[in-house]
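Protein chains in written order, with this note's numbering: chain A, -1 to 265; chain B, 136 to 436.
All C-beta atoms, glycine included, are put in the ideal place defined by N, C-alpha and C.
Read the structure below first, then the notes.
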Amino acid sequence: MTATLERHAPEPRTGPPALDVRGVSKVFGTGQDAVVALDGVDLSVAPGEFVCLLGASGCGKSTLLNLVAGLDRPTSGTVETTSARPAVMFQEAALLPWLDAGRNVELPLRLAGIGRAQRRERAQELLALVRLEGQADKRPHELSGGMRQRVALARALAAATGLGGEGKSREEAGVLLMDEPFGALDAITRDVLQAELLRVWEATGTTVLFVTHDVRESVRLAERVVLLSSRPGRVVREWATSTDTDAEELHGDITGELREVISAHGR
Amino acid sequence: MAAESTTATDEERPGPTDDAIDVGRGLDALDTPTEQRTPLWKRFLTGVVPPIVAVVLFVVVWQILWASAIWPEFKLPSPEAVFGTIGQDFAEGRAFDIIWTSISRAVLGFLLAVVVATPLGLLVATVPLVRSAIGPILTGLQSLPSVAWVPAAVLWFGLTDATIYFVVLMGAVPSIANGLVSGIDQVPPLLPRVGFAMGASRSQSARLIMLPAALPGFLGGLKQGWAFSWRSLMAAEIIATSPSLGFGLGAYLNEGQSLSDMPSVMAAILLILIVGIGVELLFFRPAELRVLRARGLATGP
Ligand SMILES: Nc1ncnc2c1ncn2[C@@H]1O[C@H](COP(=O)(O)OP(=O)(O)O)[C@@H](O)[C@H]1O
Ligand SMILES: [Mg+2]
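Shown next, in the form of structure tokens:
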């Protein structure tokens, strides 16, 4: 029996990449203590594509994501994005505890100077998208971990897509950067949220760059899995998935390669 | 039912099956934290009754000690004499003037301290050079009893209101500024990062993220600042007495001592205690509870 992936065939992607990383290196510190976190990384993600960045702990995944997010600068190389500002999501929901769920989702719109009524409406829409309709007036501490992470997803979507709206092109659907967003959740909740994320991605057409160290998660979610080596971080290999990909076989392949990369450090 | 039929398009949309949606809904229902509100009578029973019982017991012990006449009357007056003095002062209207003199000074001094301490705290918290320069001094000042400033203040400003306010400021400013600093220090670094990633400017980040996030610490500092304002004021009023300074609770206490009028001395101490605790219970405690409860941080009733 083969378990094929549950996703629909993607439309062909055209136009310039949503994000383009060219020859990016990142060195922390100087002299003897210098840590080369990334070394000549090339990565290009098409508009609307879902890419997983996979690698062992400490290989520079978060570093790369921070560079793409504009939270840090590369030592050399360039990062280009078509959308003005990619939205970021972390392992912790990082909601503002004094604001209710609705106002947390509104925050990026408020920062962009969008009026009260409009951002309210948009927040309701996005909360409904992550199946939290009617929870807008709950504070973060009144929500479960999985619900908080969905509020964070709605907020990231607000940041990535602004007021959204019908008939927007892929380029305007925004870029979502996710750094192990489900890493702190229990297995059942993680499973549900992975399905939710796929649904939201297909509904919005948002470009997603998703960081994980979990091979199974990457195989389930991504259209393309990019494996990063450790110290220095380099792109080792890529796998494209499609609807008729055998998930188990792909999982085996990637795991094998990942073990190979990791054990290279032990020799 | 007509409204329901529009959801039929859901079936054509890719995504989880009904089964998966049910699992998601079930998880939400199971994992949502439940807040347990203690009923009002229980909060009354555990929060209000014990202190009342303690006070009653204290007065009973006092009465017994007085009745046993171990100490002479001028050292330990009866509860009746002390409460009688307080009652008489209120009946004559004198008590209101005395209390008002002190409270208005303490409140004005406290507000001045807030105005001085807030920018100071912001500077210390955000500018590393300022922090290393005056951070330790600010912490040191917090443990210096502000009564130590009274002689200096009298020499600088004479027996004027300036002396009183100076001592109050020296007492309250370090607490309030340090409260703000620790409030800002305790903001999880992820919050401003997320704000920046969402496009917040520096001023937006300060206004919409850092300051509200630092509010619990700041409120703690304000509460302590009030306590220090009140203490410092009493120290100043007891030591620096002069007709030009008006007649507050401290001066009342001082007068009691010079007249060897023990009931007045104890009445003054009681009033000082009641005003200090009263302001905290009426203003600071509810504000703090509100802020903490909104963030799910409140513990206890
Ligand atoms: N701010 C920093 N200063 C120094 N070294 C860092 C810093 N951030 C990350 N590193 C180092 O860079 C490497 C990659 O880190 P990171 O990107 O967090 O890994 P990952 O997210 O893949 O687990 C690690 O060896 C880490 O120690
Ligand atoms: Mg990481």
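- For the pair Ala341(B) and Phe301(B), the Cα-to-Cα distance works out to about 30 Å.
- Straight across, the Cα-Cα distance linking Glu390(B) with Leu380(B) is about 14 Å.
- Under a 10 Å Cβ-count criterion, Pro351(B) is classified as buried, with 16 or more other Cβ atoms of the shown protein chains found around its own Cβ.
- Distances from the CB of His211(A) to the heavy atoms of ligand 1 include at least one below 8 Å.
- The secondary-structure analysis by DSSP pairs Glu78(A) across a beta bridge with Asp18(A).
- With respect to chain B, the C-beta atom of Thr253(A) has no partner C-beta closer than 9 Å.
- Cβ neighbours of Val39(A) within its own chain (closer than 7 Å, five residues either side excluded): Val19, Val22, Leu62, Gly231, Arg232 and Val233.
- Against chain A, the beta carbon of Glu170(B) has neighbours under 8 Å at Glu140, listed in chain order.
- Going by C-alpha positions, Ala371(B) is about 15 Å away from Ile234(B).
- For Leu36(A), the secondary structure class from DSSP, reduced to helix, strand or coil, is strand.
- The C-beta of Pro286(B) comes no closer than 9 Å to any C-beta of chain A.
- Taking the CA atoms as reference points, Leu258(B) sits about 38 Å from Phe382(B).
- Trp365(B) is not a Cβ neighbour of Gly330(B), given a cutoff of 9 Å.
- Fully contained in the region 249 to 330 of chain B are the following alpha helix (DSSP H) runs of length 4 or more, in chain order: 263 to 277, 284 to 292 and 296 to 320.
- Contact of Gly113(A) with chain B is not assigned, every C-beta pair being separated by 9 Å or more.
- Within the region 186 to 226 of chain A, the complete beta strand (DSSP E) segments at least 3 residues long are 205 to 210 and 222 to 226, listed from N- to C-terminus.
- One finds Glu140, Leu141, Ser142 and Met145 in chain A with Cβ atoms closer than 8 Å to the Cβ of Thr167(B), taken in chain order.
- Of all C-beta pairs linking the region 236 to 255 of chain A to the region 66 to 74 of chain A, fewer than three are shorter than 8 Å, placing the two stretches out of contact.
- Listed along chain B, the residues sitting closer than 8 Å to Ala157(A) by beta-carbon distance are Ala332, Met333 and Gly334.
- With a cut-off of 8 Å, the C-beta of Asp70(A) is classified as distant from ligand 2, since no heavy atom of the ligand falls inside that distance.
- Listed in chain order, the alpha helix (DSSP H) runs fully inside the region 41 to 127 of chain A are 59 to 67, 99 to 109 and 114 to 127, counting runs of at least 4 residues.
- At least one heavy atom of ligand 1 falls within 8 Å of the beta-carbon of Ala35(A).
- When beta bridges are read from the DSSP output, Trp237(A) appears opposite Val223(A).
- For Val149(A), the enclosing alpha helix (DSSP H) starts and ends at Gly143 to Thr159.
- In its chain, beyond the 5 residues on either side, Trp361 have a beta carbon closer than 7 Å to the beta carbon of Val414(B).
- With contact defined as three or more Cβ pairs closer than 8 Å, the region 51 to 60 of chain A and the region 304 to 311 of chain B are not in contact.
- Collapsing the DSSP output to three states places Gly29(A) in a helix.
- The continuous alpha helix (DSSP H) containing Leu427(B) extends over residues Arg420 to Ala429.
- The beta-carbon separation of Ile407(B) and Met369(B), rounded to 6 Å, stays under the 8 Å limit for a contact.
- In this structure, the alpha-carbon of Ala44(A) lies about 14 Å from that of Pro84(A).
- Under DSSP, no beta-bridge partner is assigned to Asp232(B).
- From the listed residues Glu194(A), Gly53(A), Arg197(A) and Ala110(A), the smallest Cα separation to Ser261(A) is found for Gly53(A).
- In this structure, Cys50(A) has its CB at a distance of at least 8 Å from all heavy atoms of ligand 1.
- Around the C-beta of Val190(B), fewer than 16 other C-beta atoms lie within 10 Å, and the residue is accordingly described as exposed.
- For Glu221(A) against Ala201(A), the beta-carbon gap comes to about 16 Å, at or over 8 Å, which does not count as contact.
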